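Have a look at the structure below, then the notes.
Protein chains: 2
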Amino acid sequence: MRYPEPSAALLSHLSDRLGPAGFSTDPADLAPWLTDWRRRLTGTAAALVSPADAEEAAFVVAAAAAEGVAIVPQGGNSSMVAGATPAGIGADGRACALLVSMRRMRRIRSVSVADNAVVAEAGVVLADLHGAVEAEGRRFPLSLAAKGNATVGGLIATNAGGTQVLRFGPMRALVLGIEAVLPDGSMLRGLAPLRKDNRGYDLKQLLIGGEGTLGLVTAATLRLVPAIGERAVAWIGLRSADDALTLLRLLEDRLGEAVESFELVPAEGLALVLHHIPDTRAPLAEASAWNVLVEAVSPAGAVPIAQKLEAALAAAIERGLVEDATVAQSESQADALWKLRESLSEAEARDGMAAKHDIAVPVADMPGFMARAAAAVSDRFPGARPIAFGHLGDGNVHFNVRAPANSDGKAWFAATAADVSRFVHGLVTEAGGSMSAEHGIGRLKRADFLELTDPAKLAAMIAIKRALDPADIMNPGALLPLAEERARP
Amino acid sequence: MRYPEPSAALLSHLSDRLGPAGFSTDPADLAPWLTDWRRRLTGTAAALVSPADAEEAAFVVAAAAAEGVAIVPQGGNSSMVAGATPAGIGADGRACALLVSMRRMRRIRSVSVADNAVVAEAGVVLADLHGAVEAEGRRFPLSLAAKGNATVGGLIATNAGGTQVLRFGPMRALVLGIEAVLPDGSMLRGLAPLRKDNRGYDLKQLLIGGEGTLGLVTAATLRLVPAIGERAVAWIGLRSADDALTLLRLLEDRLGEAVESFELVPAEGLALVLHHIPDTRAPLAEASAWNVLVEAVSPAGAVPIAQKLEAALAAAIERGLVEDATVAQSESQADALWKLRESLSEAEARDGMAAKHDIAVPVADMPGFMARAAAAVSDRFPGARPIAFGHLGDGNVHFNVRAPANSDGKAWFAATAADVSRFVHGLVTEAGGSMSAEHGIGRLKRADFLELTDPAKLAAMIAIKRALDPADIMNPGALLPLAEERARP
Numbered sequence: 001m002r003y004p005e006p007s008a009a010l011l012s013h014l015s016d017r018l019g020p021a022g023f024s025t026d027p028a029d030l031a032p033w034l035t036d037w038r039r040r041l042t043g044t045a046a047a048l049v050s051p052a053d054a055e056e057a058a059f060v061v062a063a064a065a066a067e068g069v070a071i072v073p074q075g076g077n078s079s080m081v082a083g084a085t086p087a088g089i090g091a092d093g094r095a096c097a098l099l100v101s102m103r104r105m106r107r108i109r110s111v112s113v114a115d116n117a118v119v120a121e122a123g124v125v126l127a128d129l130h131g132a133v134e135a136e137g138r139r140f141p142l143s144l145a146a147k148g149n150a151t152v153g154g155l156i157a158t159n160a161g162g163t164q165v166l167r168f169g170p171m172r173a174l175v176l177g178i179e180a181v182l183p184d185g186s187m188l189r190g191l192a193p194l195r196k197d198n199r200g201y202d203l204k205q206l207l208i209g210g211e212g213t214l215g216l217v218t219a220a221t222l223r224l225v226p227a228i229g230e231r232a233v234a235w236i237g238l239r240s241a242d243d244a245l246t247l248l249r250l251l252e253d254r255l256g257e258a259v260e261s262f263e264l265v266p267a268e269g270l271a272l273v274l275h276h277i278p279d280t281r282a283p284l285a286e287a288s289a290w291n292v293l294v295e296a297v298s299p300a301g302a303v304p305i306a307q308k309l310e311a312a313l314a315a316a317i318e319r320g321l322v323e324d325a326t327v328a329q330s331e332s333q334a335d336a337l338w339k340l341r342e343s344l345s346e347a348e349a350r351d352g353m354a355a356k357h358d359i360a361v362p363v364a365d366m367p368g369f370m371a372r373a374a375a376a377v378s379d380r381f382p383g384a385r386p387i388a389f390g391h392l393g394d395g396n397v398h399f400n401v402r403a404p405a406n407s408d409g410k411a412w413f414a415a416t417a418a419d420v421s422r423f424v425h426g427l428v429t430e431a432g433g434s435m436s437a438e439h440g441i442g443r444l445k446r447a448d449f450l451e452l453t454d455p456a457k458l459a460a461m462i463a464i465k466r467a468l469d470p471a472d473i474m475n476p477g478a479l480l481p482l483a484e485e486r487a488r489p
Numbered sequence: 001m002r003y004p005e006p007s008a009a010l011l012s013h014l015s016d017r018l019g020p021a022g023f024s025t026d027p028a029d030l031a032p033w034l035t036d037w038r039r040r041l042t043g044t045a046a047a048l049v050s051p052a053d054a055e056e057a058a059f060v061v062a063a064a065a066a067e068g069v070a071i072v073p074q075g076g077n078s079s080m081v082a083g084a085t086p087a088g089i090g091a092d093g094r095a096c097a098l099l100v101s102m103r104r105m106r107r108i109r110s111v112s113v114a115d116n117a118v119v120a121e122a123g124v125v126l127a128d129l130h131g132a133v134e135a136e137g138r139r140f141p142l143s144l145a146a147k148g149n150a151t152v153g154g155l156i157a158t159n160a161g162g163t164q165v166l167r168f169g170p171m172r173a174l175v176l177g178i179e180a181v182l183p184d185g186s187m188l189r190g191l192a193p194l195r196k197d198n199r200g201y202d203l204k205q206l207l208i209g210g211e212g213t214l215g216l217v218t219a220a221t222l223r224l225v226p227a228i229g230e231r232a233v234a235w236i237g238l239r240s241a242d243d244a245l246t247l248l249r250l251l252e253d254r255l256g257e258a259v260e261s262f263e264l265v266p267a268e269g270l271a272l273v274l275h276h277i278p279d280t281r282a283p284l285a286e287a288s289a290w291n292v293l294v295e296a297v298s299p300a301g302a303v304p305i306a307q308k309l310e311a312a313l314a315a316a317i318e319r320g321l322v323e324d325a326t327v328a329q330s331e332s333q334a335d336a337l338w339k340l341r342e343s344l345s346e347a348e349a350r351d352g353m354a355a356k357h358d359i360a361v362p363v364a365d366m367p368g369f370m371a372r373a374a375a376a377v378s379d380r381f382p383g384a385r386p387i388a389f390g391h392l393g394d395g396n397v398h399f400n401v402r403a404p405a406n407s408d409g410k411a412w413f414a415a416t417a418a419d420v421s422r423f424v425h426g427l428v429t430e431a432g433g434s435m436s437a438e439h440g441i442g443r444l445k446r447a448d449f450l451e452l453t454d455p456a457k458l459a460a461m462i463a464i465k466r467a468l469d470p471a472d473i474m475n476p477g478a479l480l481p482l483a484e485e486r487a488r489p
């Protein structure tokens, strides 16, 4: 009896805010969603609540939280384990829970080729997502049988797998950002398509695979990859599963990560399919005890990597993108080119003092950001010399600010570096970026981190830290304020 | 003054257990490790404690926890943000903290080509890790400037990046498993090289990038990739950073994920290198405003993907691995092959009732596990017919158990399926695997999950759930016990 039934006031509050499209207590509306996909459990709910956007979703959770009313989020209702069925909540089968359907939130907010990312709301159906990004020449590399029902939110809550995990990993590996409502109704806003972000606990990892128990995902930024150029599919008969595994490693050695799928089918399984499913026929002349279905995918042409690279660069030169280029003709030439990159920090240090920053913004915005930030720094700190270099493909550069030429570098650093860093970190945060792409927070960046980070995220981090380390004995002072400094309970 | 100095009893307790190689209060031993890499902060510590193995590490944390003494973990002491420096702990600069060095834990516990995984202790230096896996024909695809100092534990605690993030992601994408001591001294044991595991909150994600504030990593299972076959390196001059980004997408469209590095260098940075670093020379005839260093890597030959696949299969046939194989010669043939795989569940359902399981074990053990489990199930449940199929490359199959032939399938299912599932889940757990590779726990698998999961993990999950959702309003009954059923505070 721990969960109360929602009060009449709560229900009318929700009905007023969400309107008839977003709120129903009609048993006919609820019925299709109260039984799980595999028809193993049937639950009860006081209402079907369908927010139209993130603000309505936050409203619903906050309203439920105020009365301690239970929420069961649901996407396509295609859970294999009844993860979205409001069963067993409240005594005597009373209709206590709010069944929160995300199916109305089905907007693709944006597709960016430059960022290789799509922002999709939680209710977007996987097959629709595939179509939307294919129209832009990209691919979302996760697929599974329920793709006509499964939604982005459900795929995240269950860390879905599918047939391309071998190459691309499960959903967790494809989620770049999440927008979610936390159980108290506060919003966790993290949709920036950052490839690198080391600002503390990666809270989205708790929501991925969290089965809706830590928050309600409202939208996500998902990783895209180039569309398929060629694919090769083979059906292979083998004597044993051991041989199948040996074959997989042989294929990977020769084809690399082009191997996207490697699906095992026993003779008995193939026989079932041939027996029960129309329009199927045996792929091989003789049945083997074990079968493997392999798919290998290549995005592009068919020449050695150096020739491929040269051809691609020739195309870029033709388009006027590139002024000049040299392709290493030997390992020692390659090493010499890498030495130029790897010596940058050392060369910079020999040249004098610099305030160093390890920043990330969305990849597509990085060229513009570097120019804007350099101008802003030069304007605010006359004579200071910004320089940016590094991992452009990740949207991560080391944006360092050198002391003015002919100045006393040490004195400048002592007097100004902290202000420069606070200023640069502020610019990055305003641009939706991360003030720590890869170095973390530690002790050196803690003050700026505490000042600039989202209060909802900080509160959640502190709560998790308290939950796992109530005495605050693990690396105190790194990342988070010391326990006695923490203002918020 | 919140942190006490360790008592004399605690220090002698540690000294007794760890011996002279693992415990020192000699200022000369401590000094090199009290100042951070960038020489910005110097701290104090009551002792340098260097556990030799995970059990000693757990002993240290438990002993410290008993007195509320602070622990600062340290690997290679190469943090860019003083993340491993015991500064600011305890009032008046008193030496309160234990500086816990992981440098003695430098064993590579195993390298498995079949699992594409290495198990390395926290103190293993990155360059040593590279060498150890190269000796086995594999590659650990993360590298950075501090590779001669940085350790596996520190790379995990800081979610390190480097020059190959573009293709392989940061450390988070390469960590398959973690062994760690939680702040209360309990061990989180998760080294099984599972590619898929959806048993609740992925706690290792909190330790990755957690900067040592949630636990002490003692070892990790890391993902390996095939060794490099060919690489191509180019230096490219461009007019703008915008053009660089456009070039990146052009290269990715033509070369796919072969593009591993894409490093931006401004004219000024290159000039600094050429000026300060000996044995460097300008790579291009004319200086451009911007430069990009590209590395593209291919693991293998240079033919179209279908030819590559055919050649690889021919080699497998020659080795006696493969009995027969067919490579699709058209898209419709490819679709027909895929249909055979995708129809398995439907064909199975048409054939009768089955207890379904979605299990993972380490990839290398899957052939053996399927045989052992099928024999055990047939032995325990006479007549029941196990069948396994699916994602062998991920170490994940759907291991289903069909009702005995000519039985009343529904009656068998009602009477026996729960016992069969509990038995199969037990076998999987005994084999170090996951009873939920991709489907999650939901409501259907909760009883088995609660019974079979590691108590330390379950307690941490409940603590996090409580911290973020104290009223337990989010999807109650899924994944975790309802709040009122939770035994442990």
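Quick note, the sequences are listed as chains W and R, same order.
Sequential numbering from 1 applies to the first sequence in the numbering used here.
Sequential numbering from 1 applies to the second sequence in the numbering used here.
C-beta: ideal position from N, C-alpha, C; glycine also.
Every value quoted in this text rests on a predicted model; they were computed, and no experiment measured them.
Buried versus exposed, by CB contacts within 10 Å (16 or more), residue i
| i | result |
| --- | --- |
| Lys204/R | buried |
| Arg138/R | buried |
| Ala405/W | exposed |
| Ser78/W | buried |
| Ala91/R | exposed |
| Lys465/R | buried |
| His275/W | exposed |
| Asp279/W | exposed |
Sub-8 Å separation of residue i and residue j beta-carbons
| i | j | result |
| --- | --- | --- |
| Cys96/W | Tyr3/W | yes |
| Phe181/R | Thr218/R | The question names Phe, yet the displayed sequence has Val at residue 181/R. Yes, these two residues count as a Cβ contact at 8 Å. |
| Ile178/R | Gly190/R | yes |
Interface flag, residue i vs chain R, CB-CB below 8 Å
| i | result |
| --- | --- |
| Lys465/W | yes |
| His391/W | yes |
| Arg195/W | yes |
| Pro141/W | no |
| Asp419/W | no |
Chain A residues whose Cβ lies nearer than 7 Å to that of residue i
| i | result |
| --- | --- |
| Ile473/R | The structure shown contains no chain A; its protein chains are W and R. |
Residues near residue i by beta carbon distance below 8 Å, same chain, minus five either side
| i | result |
| --- | --- |
| Ala252/W | According to the sequence shown, residue 252/W is Glu rather than Ala. Result list for Glu252/W: Val259, in chain order. |
| Arg239/R | Ser288, Ala289 and Trp290 |
Within-8 Å CB hit, residue i to chain W
| i | result |
| --- | --- |
| Val165/R | yes |
| Ala300/R | Residue placement at Ala300/R is poorly supported in this model, since its pLDDT is 44, which falls under 50; the coordinates are not used for a value here. |
| Phe262/R | yes |
| Thr213/R | yes |
| Thr416/R | no |
| Leu10/R | no |
| Thr218/R | no |
| Lys147/R | no |
| Arg486/R | no |
Close-in-space but distant-in-sequence residues of the same chain around residue i (CB under 6 Å, 5 per side omitted)
| i | result |
| --- | --- |
| Ala157/R | Glu211 and Gly212 |
| Ala62/W | Gly185 |
| Thr42/R | Leu34 and Thr35 |
Supposed contact pair residue j and residue i - C-beta distance, whole angstroms, cut 8 Å
| i | j | result |
| --- | --- | --- |
| His398/R | Lys356/R | 7 Å |
| Gly76/W | Thr163/W | About 18 Å separates the two Cβ atoms, so there is no contact after all. |
| Ala360/W | Arg223/W | About 15 Å separates the two Cβ atoms, so there is no contact after all. |
| Met105/R | Ala52/R | 7 Å |
| Ala467/W | Ala467/R | 3 Å |
Own chain partners of residue i with C-beta closer than 7 Å, once the 5 adjacent residues on each side are dropped
| i | result |
| --- | --- |
| Phe262/W | Leu166, Leu248, Val292 and Val294 |
| Ala234/R | Val294 |
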